[in-house]
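In terms of the working numbering, the sequence shown opens at residue 1188 and continues consecutively.
Using N, Cα and C, we set each Cβ at its ideal position, and we do this for glycine too.
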Amino acid sequence: MQLYLDTANLDEIREAATWGVLSGVTTNPTLIAREKGADFKATITEIAELVDGPISAETISLDAAGMVQEGIEYAAWHPNVIIKVPSTTEGLKAVTQLARRGIRCNVTLCFNAVQALMAARAGAFIISPFVGRVDDTGVDGMQLIREISQIYRQDPEIKTKILSASIRHPRHIVESALAGADIATCPFKVLQQAMRHPLTDRGIEQFLADWRSRT
Ligand code: E4P
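Put into structure tokens, the structure is as follows:
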């Protein structure tokens, strides 16, 4: 399973890129808005220079014509830019039209397996089920990844990648991989947390103490 960073913060992306684990980056309007005053195009193109992999830029139109127009514009910014459209019927129309032009789409805000099946049929490059937001409703978000994985794997025509989104803690990353996700997109804080373990810290301290006490 690949790891993407879920942020529009360039400092976080610069730092995580040095760890050698990133295969792409996802953004959304909320994450872009969090970077006060940053220009959208400049942010996306800079991210694309920092990470060599798919960079998701989200459309804000509600109708397919608008999504297609935005998608064509964003895709021209960098070859790695992929277009995020919502899991709606207008989103499906946009995926169909953008795919015909060779532009890859990430169908976002997916909350049930039928949305995922229809996105795949329309030609989505990525489907993004939001596991954390499903968990918030009291339902097991990871079950959605399992269902989509099973549906996709039994249909050799489907090439759409499953991206586990709305990741809230390191355990979500492990469960996503076990449930069949191709990608997990993670907030920077979660990737940092994932690499911290008290036994690692204690082990380092012990090794250093033993090293100093030799002779
Ligand atoms: C995915 O592409 C989304 O940007 C993201 O994972 C949403 O997560 P949230 O539920 O924490 O906002």
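Asked, Found
"Rounded to whole angstroms, what's the CA-CA distance from GLU1334 to ARG1383? Just pull it up for me.", "31 Å"
"Along the chain, where does the beta strand (DSSP E) that runs through LYS1271 open and close?", "1268-1273"
"Identify the residues that DSSP records as bridge partners of LYS1348: which are they?", "ILE1313"
"Look at ARG1291 and ILE1314 and say whether their C-beta atoms are less than 9 Å apart.", "no"
"Which residue or residues does DSSP assign as beta-bridge partners of SER1400?", "SER1400 is not bridged to any residue."
"Runs of 3 residues minimum, wholly inside the segment 1322-1368: which ones carry the beta strand (DSSP E) assignment?", "1348-1351"
"For ALA1371, does the three-state DSSP call read helix, strand or coil?", "strand"
"So, with DSSP's three-state summary, where would you put ILE1219?", "helix"
"Which residue from THR1214, GLY1328, VAL1282 and GLY1319 puts its Cα closest to that of ALA1306?", "VAL1282"
"Return yes when the C-beta of GLY1319 is under 8 Å from any heavy atom of ligand 1, and no when it is not.", "yes"
"Whole angstroms is fine: what's the gap from PRO1316's alpha carbon to GLN1330's?", "10 Å"
"Distance check for SER1400 and GLU1392, CA to CA, integer angstroms please.", "12 Å"
"Provide the residue span of the alpha helix (DSSP H) that contains ILE1290, from first to last.", "Counting along the chain, ILE1290 falls outside any alpha helix (DSSP H), and DSSP gives it neither H nor E."
"Grab the span of the beta strand (DSSP E) containing ALA1244 for me, first residue to last.", "1242-1245"
"Since I believe ILE1242 is in contact with VAL1272 (beta carbons under 8 Å), could you give me their beta-carbon distance rounded to a whole number of angstroms?", "That pair is no contact at about 15 Å."
"Any chance the segment 1340-1353 sits against the segment 1367-1375, with 3 or more Cβ pairs inside 8 Å?", "yes"
"Would the beta-carbon of SER1243 be found less than 8 Å away from any heavy atom of ligand 1?", "yes"
"Go ahead and pull the three-state DSSP assignment for GLY1211.", "strand"
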